[in-house]
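S.K.:
In full-length UniProt numbering, the protein residues as written are 1 to 310.
1) What number of angstroms, rounded off, separates the C-alpha of residue 187 from the C-alpha of residue 220?
2) Which term fits residue 269, buried or exposed, when burial requires 16 or more other beta carbons within 10 angstroms of its beta carbon?
3) Do you know how far the Cα of residue 264 is from the Cα of residue 3?
4) Roughly how many angstroms lie between the CA atoms of residue 150 and residue 179, to the nearest whole one?
5) Do residue 6 and residue 58 come within 8 Å of each other at the CB atom, strictly closer than that value?
6) Take residue 138 and list the residues in its own chain whose beta-carbon comes closer than 6 Å to its own, dropping the five residues that flank it on each side.
7) Taking the alpha carbon of residue 289 as the point to measure from, which residue in 46, 177, 309 and 25 has its own alpha carbon closest?
8) What is the DSSP secondary structure of residue 25, reduced to helix, strand or coil?
9) I'd like the list of long-range same chain contacts for residue 249, defined as Cβ closer than 8 Å, with 5 residues on each side in sequence excluded.
10) For residue 296 and residue 117, I'd like the C-alpha separation in whole angstroms.
11) Which word fits residue 28, buried or exposed, when buried means at least 16 other C-beta atoms lie within 10 angstroms of its C-beta?
12) Just how far apart, CA to CA, sit residue 185 and residue 83?
13) How many Å lie between residue 292 and residue 38 at the Cα?
14) According to DSSP, is residue 311 helix, strand or coil?
15) Taking 7 Å as the limit between beta carbons, can you name the residues of its chain near residue 17, skipping five residues before and five after?
16) Round the Cβ separation of residue 262 and residue 272 to the nearest angstrom and send it over; I've been treating them as touching at under 8 Å.
17) Just the C-alpha distance for residue 76 and residue 196, rounded to the nearest angstrom, thanks.
18) Could you give the C-beta distance for residue 78 and residue 114, rounded to a whole number, given that I count them as a contact under 8 Å?
19) Cα-Cα, which of 61, 19 and 302 is closest to residue 36?
20) Identify every run of the alpha helix (DSSP H) within the segment 8-67, keeping only runs that are complete inside it and at least 4 residues long; order them along the chain.
21) Apart from the five residues on each side of it in sequence, which residues of its chain come closer than 6 Å, Cβ to Cβ, to residue 241?
22) So for residue 181, helix, strand or coil by DSSP?
23) Would you grab the beta carbon distance between residue 143 and residue 162 for me? Rounded to a whole angstrom, and I think it's under 8 Å.
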């Protein structure tokens with residue numbers, strides 16, 4: 001089983017428009033799709049489509065929190081959330097006729113120290129039956145910046161592979177606990193090191209430093225150029241074929257899901273990279289966040305070019 005952690009979960013509302021969005025006017029929405037949101041919930045849905053049994057955990061509260069749990073269970077995902085007094089946030093994604101995306105993300109409610117302490121006490125029990133754990137997204141208001149570090153340490157104590165996908169200081173703190181894998185994009189990597197990567201060599205230098213610092217697998221997502229991987233077997237890039245992209249929101253989360261499936265199934269790191277890029281590419285062809293058509297994945301998979309760079 002794969003367990004996904006989403007401390008800052010949300011109700012995601014996708015507004016599908018038949019026309020370009022114009023500010024200062026009344027716009028009619030063609031269709032609305034609600035889903036259990038937050039990066040970890042996107043991971044959970046994609047991993048479920050991959051065929052894995054998935055458990056989603058994190059912090060939820062209020063009417064939105066109850067609704068989120070219902071949506072999670074409707075997707076066939078086991079719900080194992082901790083509960084807080086505040087109301088789970090909502091986030092809006094507007095997709096217009098050009099397939100461009102505009103997101104509005106609420107900050108969410110504050111989590112009390114007692115609520116967090118109770119959740120952390122339960123966390124070892126929640127992950128006990130997991131083959132791999134993923135931790136994704138931002139931290140809620142009131143949650144200390146070192147919390148992901150604590151969760152990574154708990155996963156390691158339980159001998160669980162852990163994928164950490166966050167950014168900024170939360171990523172920096174989490175890295176110090178040496179998760180099995182991290183997956184920053186180039187912007188997040190540059191922010192982490194306080195540099196501007198002018199070339200692919202600069203990106204690889206930063207990734208290599210993270211690997212040498214104790215991260216077993218460092219993945220750098222590159223959008224349409226696929227992803228880089230630095231691991232024990234070497235340095236690799238997986239490049240997808242050219243695609244007509246529909247929606248890029250959540251593609252990185254689908255990539256994390258596929259890597260988690262790779263850990264669960266015992267794939268080699270390079271094979272997992274190819275699989276993850278195929279899943280992320282298939283997700284870019286879907287209007288639904290955290291969703292993809294397995295037929296698209298299977299069509300793309302043999303077209304992925306794997307290059308060994310070092």
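Quick reminder that beta carbons are idealized off the backbone N, C-alpha and C, glycines included. Quantities reported herein were computed from a predicted structural model and do not represent experimental measurements.
M.R.: In short:
1) Along the chain shown, one-based indexing puts residue 187 at 187. Along the chain shown, one-based indexing puts residue 220 at 220. In a straight line, the C-alpha of residue 187 is about 10 Å away from that of residue 220.
2) By one-based count along the chain shown, residue 269 stands at place 269. Buried: at least 16 other Cβ atoms inside 10 Å.
3) Against the chain shown, residue 3 aligns to sequence position 3. Against the chain shown, residue 264 aligns to sequence position 264. Rounded to the nearest angstrom, the two C-alpha atoms are 11 Å apart.
4) Here residue 150 refers to the residue found at position 150 when the chain shown is read from its first residue. Here residue 179 refers to the residue found at position 179 when the chain shown is read from its first residue. Taking the straight line joining both Cα atoms gives about 11 Å.
5) Working through the chain shown from its first residue, we reach residue 58 at position 58. Working through the chain shown from its first residue, we reach residue 6 at position 6. Yes, these two residues count as a Cβ contact at 8 Å.
6) For the purposes of this step, residue 138 is taken as the residue at position 138 of the chain shown. Excluding positions up to five away in sequence, the list reads 8.
7) Within the chain shown, residue 289 is the residue found at index 289, counting from 1. Answer by Cα proximity: 46.
8) Within the chain shown, residue 25 is the residue found at index 25, counting from 1. If DSSP states are grouped into helix, strand and coil, residue 25 belongs with coil.
9) If you number the chain shown from 1, residue 249 lands on position 249. These residues qualify, in order along the chain: 93, 101, 103 and 289.
10) Walking along the chain shown from the start, residue 296 turns up at place 296. Walking along the chain shown from the start, residue 117 turns up at place 117. Going by C-alpha positions, residue 296 is about 43 Å away from residue 117.
11) In the chain shown, residue 28 corresponds to position 28, counting from 1. Exposed is the call here.
12) Counting from 1 along the chain shown, the entry for residue 185 is found at position 185. Counting from 1 along the chain shown, the entry for residue 83 is found at position 83. Roughly 31 Å separates the two Cα atoms.
13) Counted from its first residue, the chain shown places residue 292 at position 292. Counted from its first residue, the chain shown places residue 38 at position 38. So the two alpha carbons sit approximately 17 Å from each other.
14) The chain is shown only over 1 to 310; residue 311 falls outside these bounds and no answer can be derived.
15) As a working mapping, residue 17 is identified with position 17 in the chain shown. Around residue 17: 27, 29, 30, 94, 95, 96 and 97.
16) As a working mapping, residue 262 is identified with position 262 in the chain shown. As a working mapping, residue 272 is identified with position 272 in the chain shown. So it is a contact: roughly 3 Å between Cβ atoms.
17) Translated into positions along the chain shown, residue 76 becomes position 76. Translated into positions along the chain shown, residue 196 becomes position 196. Each residue's alpha carbon lies about 42 Å from the other.
18) Against the chain shown, residue 78 aligns to sequence position 78. Against the chain shown, residue 114 aligns to sequence position 114. Not confirmed; about 25 Å, so no contact.
19) As a working note, residue 36 is residue 36 in the chain shown. Minimum Cα distance to residue 36 is reached at 61.
20) 39-49
21) Mapped onto the chain shown, residue 241 falls at position 241. If we look at residue 241 and ignore the five residues flanking it on each side, its Cβ neighbours are 303.
22) Mapped onto the chain shown, residue 181 falls at position 181. Under the three-state reduction of DSSP output, residue 181 falls in the strand class.
23) As a position in the chain shown, residue 143 is number 143, starting the count at 1. As a position in the chain shown, residue 162 is number 162, starting the count at 1. With a Cβ gap of about 18 Å, residue 143 and residue 162 do not count as contacting.
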